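Q: The opening position of the sequence shown corresponds to residue 15 in this note's numbering, with each subsequent residue numbered one higher.
Backbone N, C-alpha and C define an ideal beta-carbon position, used for all residues, glycine too.
Small disclaimer: the values here were computed from a predicted structure and weren't measured.
Take a look at this one; I'll ask things after.
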Amino acid sequence: MLSRMMVPEMERKGYNRAFAAAITAGGSLVTPIIPPGIALIIYGLVADVLYRKNVYRWAGTWFAMRSRSDVYRLPGRPQN
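This is the structure:
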């Protein structure tokens, strides 16, 4: 699903279609191996960004997504 957004955008930026597909596939393989918290720490170190600010953003995103998924578990909604 992510490749539908990433590959066309990378092609517009001038990347080869095969290279864009390889980057997308590589990124999707690393995601389940490295927990999101580790990626946040690496990003903070590489980009020299304040770690605390990233943690707050990550936590806010996590809570927003969590509350969104809880809506589907409310009584009266069809369950699969």
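When the Cα atoms are used, what is the spatial distance from A78 to A35?
A: Each residue's Cα considered, the two are about 30 Å apart.
Q: Please report the distance separating the alpha-carbon of M73 from that of M20.
A: Note that residue 73 is Ala in the sequence shown, not Met. Distance between the alpha carbons of A73 and M20: 25 Å.
Q: Less than 8 Å separating the beta-carbons of R31 and E25?
A: Result yes, Cβ atoms of R31 and E25 sit closer than 8 Å.
Q: Give me the Cα-Cα distance between Y29 and I37, rounded to the nearest whole angstrom.
A: Straight-line Cα distance between these residues: approximately 10 Å.
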